[in-house]
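Residue numbers (the working numbering), protein chains in the order written: chain A, 840 to 1323; chain B, 1222 to 1514.
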């Protein structure tokens, strides 16, 4: 971001801006520690999850988290989701969105600063960069200096490591969709499908470009989230704040100490630019809340270090609300208000959505029945004079175990059934065997006495019952015959 | 657009430069676009141009610019269809040799047979026998279990291959006498035997006046082919009169008309038009419609 206003003259208007390279300096402190912790946590979860095993029995995948698109099943630990369960994803996204709104209204863009993958991977890549090329000053000096052997090997090493991490990241992504151990073997023996290689390459390339090269440009130019976050923030949100009233007028360390001694009113800010130098998006927090700020608080850590050295109180930059700042500037005290209509509404929405989602998940049926009447022929008269209708019946067994289902008919007195490919006797109830976690497809022939048919059609209902669990479900259909 | 020489002042409130564009005193703040963004845009344009050169893009009057790569979706589809036909050829070849009753045991083979049978049926058989073998008056329902010439796989294959009452020497054939038109029975006897036949498949309805005398007429004239109790005789395509299914109608009038001057169905011999494997496929399909024996 920087300060476009001061950077170029009004007479020469630049419609296109050169990128201002950001060389963030290393920093230590509370925010940095929290950031490292969350980073390690996120990466461990991301890289390790596909390798967790979960026994689901014979013939079913034993990967704890597997989004098996090819076989239309999502496995998440003990839960199995079928394509028709996709609305749980909607629910999860609603939960995620409302959580984001709530957190943002409470503590600003902490998601952006701590947990967003763009931030996490950029942080990781910056750590690698710092490890190989040194800290801010060394990097700047080398980048502006001549092409030397030292510069070349460090650049090669850095990009090599970046590509390695990016590849590891892209590969891990694939593992969420296919069995991790087998795809790893297939990948290295050249037996994986073209799609696997393509998507691994794609995600490798994107990780490398976004975390290595694009970095803060993603936050300031590509990401839509900063554009509408302002509507979540209000004057009661805790955001990273430079305490203007305490810091200004700023003055440069020793140079302006004379002024201080002479009794000129000077603020605590010694204008060392430490806050700017550590900022991963390269902004100056002293200009106030702005689009480029991801609320990571590294400037808080940096300023605290300086304040201690300068013998002034810490927390010149801190998490605070606009309202409190206004009060402090006027010499008043104002409490932090976490409970306010905005946050209460978000909490209510969150509780509501969680309750609905949770109970829907807990009560979701593990049995499914779909009945489709044959439309050609509508009905057939058979030798004994009864009318036959055919139905395509699909039985979903969402339990992990094979089960026998009983299919019966209500609403058509004297009706009997037989499976189309079965030569046995017609029966009032059919026994249908369906393997665990699968759909059984059956063609059921239903025979009805013409006497039971008024006006040529009659409503009937199929009842399906899982003999093992007792769970049952009912589907309405129609039985057709000739109009007499 | 204001002219480019307008003074490009700095905005007093924000301290930012303006583009020099002015509308009624409102000046546009300058928000420079990052150069990498601009170059990305240029790159997509270059990509688009390359794409248009490589792939079919520009329409001419009655043709189009095919692109230097010569890519054509139609060619891709044609190749895929050809590959599919090649893959199927083996299966259809196999279908010729495997005994019909055993096809079901080979799921892959059976699936192909049913699909081929369904398509063949829709193109060739459906016009008379109705969609899904629903049947029409005069054309038997194949989805039912009332078979005039037999409903086993072999019987169906035989019927499809050689047909019924056509010119082919192996065609199934039989001839019901025209009891009324050729004056074999007297008008009164025709009424009586009609009454009797009605009782064969509607036993609960009160028997009409002539039924008792009709029984004698039936025994003397009809039972030889249609059976003593109307059970029919498949070898000669004599329909089972006691069944609930009646090809030419089950009203008294329809039954009487059939005695007086019988209509008799004709079916082509499909071996003139379909190859052996296809006939077997369509036989399996018909057998699987719900009434196969």
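Cβ coordinates follow ideal geometry from the N, Cα and C atoms, glycine included.
(Q) Any contact between the region 1170–1190 of chain A and the region 891–903 of chain A? By contact I mean 3 or more CB pairs, one from each, below 8 Å. (A) Verdict: no, contact absent.
Q. Using 8 Å as the limit for Cβ to Cβ distance, is residue 855 of chain A near chain C?
A. Protein chains A and B are contained in the structure displayed, whereas chain C is not.
Q | Cross-chain neighbours of residue 1060 of chain A in chain B, by beta carbon under 8 Å | A | Locating residue 1060 of chain A in the first chain gives position 221, where the first residue counts as 1. In chain order: 1255, 1258.
Q: Quickly, what does DSSP pair residue 926 of chain A with across the bridge? List them, please.
A: Position 87 of the first chain, counting from 1, holds the residue named residue 926 of chain A. Paired residue(s): none; residue 926 of chain A is not in a bridge.
(Q) I'd like the ranges of any alpha helix (DSSP H) spanning at least 4 consecutive residues and lying wholly in the region 1260–1338 of chain B. (A) Complete alpha helix (DSSP H) runs here, min 4: 1294–1318, 1321–1324.
Q) Any C-beta of chain B sitting closer than 8 Å to the C-beta of residue 1139 of chain A? A) By one-based count along the first chain, residue 1139 of chain A stands at place 300. Chain B places no beta carbon closer than 8 Å to that of residue 1139 of chain A, leaving this residue out of the contacts.
Q: Just the chain A side, please: which residues come within less than 9 Å of residue 1466 of chain B by C-beta, in chain order?
A: Stepping through the second chain from its first residue, residue 1466 of chain B is reached at position 245. Going along chain A in sequence order, the residues near residue 1466 of chain B (Cβ under 9 Å) are 1219, 1220, 1221, 1222, 1224.
Q: Classify residue 1485 of chain B as helix, strand or coil using the three-state DSSP reduction.
A: Counted from its first residue, the second chain places residue 1485 of chain B at position 264. If DSSP states are grouped into helix, strand and coil, residue 1485 of chain B belongs with coil.
(Q) Rounded to the nearest angstrom, what separates residue 1224 of chain B and residue 1239 of chain B at their Cα positions? (A) As a position in the second chain, residue 1224 of chain B is number 3, starting the count at 1. As a position in the second chain, residue 1239 of chain B is number 18, starting the count at 1. For residue 1224 of chain B, the pLDDT reaches just 47, beneath the cut-off of 50, and the residue's location in the model is therefore unreliable, although a value from the coordinates is still provided. Using only the alpha carbons, I get a separation of about 14 Å.
Q. What residues in its chain sit with their C-beta under 8 Å from that of residue 967 of chain A, if we drop five residues either side in the sequence?
A. The residue given as residue 967 of chain A occupies position 128 in the first chain. Excluding residues up to 5 positions away in sequence, 997, 1000, 1001, 1004 lie with their Cβ nearer than 8 Å to the Cβ of residue 967 of chain A in the same chain.
Q.
Quick check on DSSP: helix, strand or coil for residue 1293 of chain A?
A. Here residue 1293 of chain A refers to the residue found at position 454 of the first chain. Coil.
Q. Grouping DSSP H, G and I as helix and E and B as strand, with all else coil, what is residue 1010 of chain A?
A. Within the first chain, numbered from 1, the residue matching residue 1010 of chain A stands at position 171. It is helical.
Q) For residue 1360 of chain B, does the three-state DSSP call read helix, strand or coil? A) Against the second chain, residue 1360 of chain B aligns to sequence position 139. Here residue 1360 of chain B sits in strand by DSSP.
Q.
If I measure Cβ to Cβ from residue 1359 of chain B and keep anything under 8 Å in the same chain, skipping five residues before and after, which residues do I get?
A. To locate residue 1359 of chain B, count along the second chain from 1; it is residue 138. Apart from the 5 residues on each side of it in sequence, residue 1359 of chain B sits with its Cβ closer than 8 Å to the Cβ of 1468, 1469, 1484, 1486 in its chain, given in chain order.
Q | Residues, ordered as in the chain, of the region 1283–1295 of chain A that lie near chain B by beta-carbon distance below 8 Å | A | The residues in question are 1284.
Q | Nearest-angstrom beta carbon gap, residue 1334 of chain B and residue 1324 of chain B [assumed within contact, 8 Å] | A | For the purposes of this step, residue 1324 of chain B is identified with residue 103 of the second chain, where counting begins at 1. For the purposes of this step, residue 1334 of chain B is identified with residue 113 of the second chain, where counting begins at 1. Confirmed, about 6 Å.
Q | Cut-off 7 Å between Cβ atoms - residues of its own chain near residue 864 of chain A, not counting five sequence neighbours on either side | A | As a position in the first chain, residue 864 of chain A is number 25, starting the count at 1. Setting aside the 5 residues that flank it on each side, residue 864 of chain A is surrounded in the same chain by 974, 975, 1116, 1117, each with a C-beta closer than 7 Å to its C-beta; the list follows chain order.
Q: Just the chain B side, please: which residues come within less than 9 Å of residue 858 of chain A by C-beta, in chain order?
A: Along the first chain, read from residue 1 onward, the residue named residue 858 of chain A stands at position 19. What residue 858 of chain A touches in chain B: 1255, 1256, 1257.
Q: Identify whether residue 1211 of chain A lies in helix, strand or coil by the three-state DSSP scheme.
A: In the first chain, counting from the first residue as 1, residue 1211 of chain A sits at position 372. Here residue 1211 of chain A sits in strand by DSSP.
Q. For residue 872 of chain A, does the three-state DSSP call read helix, strand or coil?
A. For this step, residue 872 of chain A is matched to residue 33 along the first chain. Helix at residue 872 of chain A.
(Q) My output table needs one value for residue 907 of chain A: the three-state DSSP class, helix, strand or coil. (A) Taking the first residue of the first chain as position 1, residue 907 of chain A is located at position 68. Residue 907 of chain A falls in the strand class under three-state DSSP.
Q: Please list the partners that residue 1213 of chain A has in chain B, where partner means a Cβ-to-Cβ separation under 8 Å.
A: Position 374 of the first chain, counting from 1, holds the residue named residue 1213 of chain A. By Cβ distance, chain B contributes 1353.
Q) How many Å lie between residue 946 of chain A and residue 1198 of chain A at the Cα? A) Mapped onto the first chain, residue 946 of chain A falls at position 107. Mapped onto the first chain, residue 1198 of chain A falls at position 359. Approximately 30 Å, taken between the alpha carbons.
Q.
Any C-beta of chain A within less than 8 Å: which residues of the region 1361–1374 of chain B qualify?
A. Close to chain A, meaning a Cβ-Cβ distance shorter than 8 Å, are the following residues of the region 1361–1374 of chain B: 1362, 1364, 1365, 1366, 1367.
Q: Count the other C-beta atoms from every protein chain shown that fall within 10 angstroms of the C-beta of residue 960 of chain A, then say buried if there are 16 or more, exposed otherwise.
A: Within the first chain, numbered from 1, the residue matching residue 960 of chain A stands at position 121. Counting the other CB atoms within 10 Å of its CB gives residue 960 of chain A a total of 16 or more, which places it among the buried residues.
Q. By DSSP, does residue 1501 of chain B sit in helix, in strand, or in coil?
A. For this step, residue 1501 of chain B is matched to residue 280 along the second chain. Three-state DSSP puts residue 1501 of chain B in a helix.
Q: Indicate whether the contact test is met: 3 or more Cβ pairs, each with one atom in the region 1226–1233 of chain A and one in the region 1275–1288 of chain A, closer than 8 Å.
A: By the C-beta criterion, the region 1226–1233 of chain A is judged to be in contact with the region 1275–1288 of chain A, since at least 3 inter-stretch pairs fall below 8 Å.
Q. Which chain B residues are close to residue 1056 of chain A, counting only those with a beta carbon under 8 Å from its beta carbon?
A. The residue you call residue 1056 of chain A lines up with position 217 of the first chain. Those are 1255, 1257, listed as they occur along chain B.
Q: Would you please verify whether the beta carbon of residue 1461 of chain B is less than 8 Å from any beta carbon of chain A?
A: Counting from 1 along the second chain, the entry for residue 1461 of chain B is found at position 240. Proximity of residue 1461 of chain B to chain A, defined by a Cβ-Cβ separation below 8 Å, is satisfied.
Q: Spatial neighbours of residue 844 of chain A within its chain, please: CB distance less than 6 Å, with the 5 preceding and 5 following residues excluded, ordered by chain position.
A: Taking the first residue of the first chain as 1, we reach residue 844 of chain A at position 5. With a pLDDT of 42 at residue 844 of chain A, under the threshold of 50, the modelled position of this residue cannot be trusted; read the value that follows with caution. Once the five neighbours on either side are set aside, residue 844 of chain A has no close Cβ partner at all.
Q) chain B partners of residue 1216 of chain A, CB-CB under 8 Å? A) Working through the first chain from its first residue, we reach residue 1216 of chain A at position 377. Per Cβ cutoff of 8 Å: 1351, 1352, 1353, 1354, 1355, 1356, 1362, 1364.
Q. Name the DSSP bridge partner or partners of residue 812 of chain A?
A. Residue numbering for chain A in the displayed model covers 840 to 1323; residue 812 of chain A lies beyond these limits and cannot be assessed.
Q.
Measuring only the C-alpha atoms, how far is residue 1242 of chain B from residue 1121 of chain A?
A. Residue 1242 of chain B sits at position 21 when you count from the first residue of the second chain. Residue 1121 of chain A sits at position 282 when you count from the first residue of the first chain. Taking C-alpha positions only, residue 1242 of chain B is separated from residue 1121 of chain A by approximately 30 Å.
Q: For the region 1206–1218 of chain A and the region 1303–1318 of chain A, state whether three or more C-beta atom pairs, one from each stretch, are separated by less than 8 Å.
A: Between the region 1206–1218 of chain A and the region 1303–1318 of chain A there are three or more C-beta pairs closer than 8 Å, enough to call the two in contact.
Q) At least one CB of chain A closer than 8 Å to the CB of residue 1511 of chain B: is that the case? A) The residue given as residue 1511 of chain B occupies position 290 in the second chain. Answer yes: the Cβ-Cβ gap between residue 1511 of chain B and chain A drops below 8 Å somewhere.
Q) Taking one C-beta from the region 1475–1482 of chain B and one from the region 1402–1422 of chain B each time, how about it: are there three or more such pairs within less than 8 Å? A) Yes: at least three Cβ pairs fall under 8 Å.
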